[in-house]
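Here the sequence shown is numbered in UniProt numbering, starting from 1 and rising by one per residue.
For glycine and all other residues, C-beta sits at the position ideal for the given N, C-alpha and C.
Note sheet for the following structure.
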Amino acid sequence: MTHESLVDDGWAETIELLGGEELIAGSARETKAFLRPRGVRSATDLLRLTLAYCLGKVGMRGVVAWAAASGIADISDVALLGRLRNAGPWLQQLIGHLLKREEEGLPKGRLIRILDATSVAKAGVHEKKNNGLWRMHCAFDLEREQFDFLEITDQSEAELIDRVPVVPGEIRIGDRAYLQAERIAKVMAQDGDVVVRAPWKNVRWLDANGKAFDLIGHLKSCREEVIETPVWLGLKKGEPLKMRLIALRKSEAATQEARRKINKEAKAKGKQVQPETLIAAGFVILVTSLDQEEFPSGTVLKLYRMRWRIELAFKRLKSLIGLRAPPAKDPRIAKPWILAHFLIALVTEPLSQELGVSPP
1 MTHESLVDDG WAETIELLGG EELIAGSARE TKAFLRPRGV RSATDLLRLT
51 LAYCLGKVGM RGVVAWAAAS GIADISDVAL LGRLRNAGPW LQQLIGHLLK
101 REEEGLPKGR LIRILDATSV AKAGVHEKKN NGLWRMHCAF DLEREQFDFL
151 EITDQSEAEL IDRVPVVPGE IRIGDRAYLQ AERIAKVMAQ DGDVVVRAPW
201 KNVRWLDANG KAFDLIGHLK SCREEVIETP VWLGLKKGEP LKMRLIALRK
251 SEAATQEARR KINKEAKAKG KQVQPETLIA AGFVILVTSL DQEEFPSGTV
301 LKLYRMRWRI ELAFKRLKSL IGLRAPPAKD PRIAKPWILA HFLIALVTEP
351 LSQELGVSPP
């Protein structure tokens with residue numbers, strides 16, 4: 001988005017796509033982002049300045065100079081900085097309005113969501129030295145090809161499969177980070193199903209009798225390309241969680257490449273690779289709560305392959321929308337910076353679909 005697109009007819013269209021001036025102004029009042037027209041005449045003008053700073057490359061002083069020259073606002077960079085510090089809840093609410101509006105009129109089939117997170121670096125030498133990150137926890141609606149949930153945290157908060165509120169009947173898909181037995185149990189208790197990639201360790205594998213299940217031994221003993229067996233995940237409290245384990249044997253080339261990467265990473269860290277890890281590298285291992293008759297193993301594997309859609313969405317967000325590390329250390333500035341990019345992504349994605357624009 002350029003400064004020109006924030007003053008021409010395209011800006012008026014953007015306002016309508018965001019819900020109109022009345023909704024934007026009401027949301028700004030409710031979140032106390034815009035209460036008085038001091039230097040900025042309206043909430044929509046404040047939104048225009050916010051997006052110009054967050055999506056542009058001229059910095060705060062450049063935005064202030066552009067706003068004055070364009071007759072949009074007469075405000076100092078210090079005053080605009082103060083306004084931006086209060087913009088986070090407002091932008092989050094505007095995103096919420098967009099997501100809610102997109103849900104209206106949708107058919108009530110099973111919702112399929114992909115869960116994942118992406119991150120950008122925090123500003124500051126200290127944060128960079130300590131790998132400080134802003135982490136964006138997202139859910140991606142597979143049918144609509146759009147994000148339908150966003151939460152921003154720092155690096156101290158992990159990816160959690162139950163972070164996103166459950167829609168009864170939904171199917172949520174996640175990578176290895178989401179194999180969390182207790183949290184999967186919470187999703188299933190709310191009538192949600194899961195398809196999660198599984199590491200061979202970091203979970204208590206049990207058999208029907210509650211005894212330890214030898215996953216690696218089972219994989220070694222089977223010769224089929226696709227292996228399926230019932231398993232139970234041990235919980236800290238309560239009955240074990242019954243699941244289906246589905247394992248797809250990789251090609252020889254893919255297996256060797258996976259093992260090469262594992263050995264290279266271990267060598268760089270000065271660690272010894274466990275033999276079980278190298279065996280597991282020859283398989284794509286999934287666990288799912290989906291019914292076997294309705295979702296045979298081949299269908300479950302196809303569902304998991306759809307994870308690339310959210311990875312592609314993250315790439316579009318960073319390459320096309322231009323999401324990069326926020327320049328400010330202050331979380332009250334950094335979070336609006338990130339939210340502004342997601343807001344524009346939600347506005348532009350439906351347009352690209354209507355125009356038949358293929359993703360890069």
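For ARG172, the secondary structure class from DSSP, reduced to helix, strand or coil, is strand. In the structure shown, the three-state DSSP call for ALA345 is helix. Within the same chain, Cβ atoms closer than 7 Å to the Cβ of ALA43 are found at ILE24, ALA25, ALA28 and PHE34, the five residues on either side in sequence being excluded. Ranking GLY322, GLN155 and PHE147 by CA distance to the CA of LEU111 puts PHE147 first.
For MET306, there is no enclosing beta strand (DSSP E), since its DSSP letter is neither H nor E. Linking VAL203 to LEU233 through their CA atoms gives a straight-line distance of about 7 Å. Cβ contact annotation for GLY62 (same chain, cutoff 8 Å, sequence separation greater than five): GLY56, in chain order. Annotation for ARG176: ARG197 and PRO199 place their beta carbon closer than 6 Å to its own, counting only its chain and skipping 5 residues before and after. Rounded to the nearest whole angstrom, the C-alpha separation of LEU235 and LEU301 is 25 Å. Under the rule that a run must span 3 or more residues, no beta strand (DSSP E) segment is found entirely inside the region 311 to 341.
When C-beta atoms of the region 161 to 180 are compared with those of the region 215 to 222, fewer than three pairs fall below 8 Å, so the two segments do not count as touching. The three-state reading of DSSP puts PRO230 in strand, counting E and B together. With fewer than 16 neighbouring CB atoms inside 10 Å of its own CB, GLN256 falls in the exposed class. Counting only runs of 4+ residues, the alpha helix (DSSP H) found wholly inside the region 67 to 126 occupies 77 to 85 and 88 to 103, in chain order. Collapsing the DSSP output to three states places THR255 in a helix. No Cβ-Cβ contact shorter than 8 Å links ILE333 with LEU179.
In terms of CA proximity to MET136, PHE342 leads the group LEU346, PHE342 and LEU278. In the DSSP assignment, ASP45 falls within the alpha helix (DSSP H) that extends over 43 to 55. Under a 10 Å Cβ-count criterion, VAL64 is classified as buried, with 16 or more other Cβ atoms of the shown protein chains found around its own Cβ. Around the beta carbon of PRO230, fewer than 16 other beta carbons sit within 10 angstroms, so the residue counts as exposed. Taking SER156 as reference, the option from GLY71, SER119, ARG183 and LEU150 with the minimal CA-CA separation is SER119. Here DSSP, grouped into helix, strand and coil, assigns LYS242 to strand.
About 4 Å separates the beta carbons of LEU339 and LEU91, which is inside the 8 Å limit, making them a contact pair. When DSSP states are grouped into helix, strand and coil, LEU301 belongs to the helix group.
Following the DSSP letters along the chain, one finds ARG183 inside the alpha helix (DSSP H) bounded by residues 181 to 189. Counting along the chain, the unbroken alpha helix (DSSP H) around THR277 starts and ends at 275 to 280.
Only exposed fits ASP191, as fewer than 16 other CB atoms lie within 10 angstroms of its CB.
LYS261 is the residue among LYS261, GLU151 and LYS315 whose C-alpha sits nearest the C-alpha of LYS269. With a beta-carbon spacing of about 12 Å, THR288 and VAL187 fall beyond the 8 Å limit used to define contacts. Around the Cβ of PRO326, a 10 Å sphere holds 16 or more other Cβ atoms; the residue is buried. Under the DSSP definition of a beta bridge, CYS138 partners with ASP116 and LEU150. TRP205 sits in a strand when the DSSP states are folded into three classes. By the neighbour-count criterion, in which a residue is buried when 16 or more other Cβ atoms sit within 10 angstroms of its Cβ, GLU265 is exposed.
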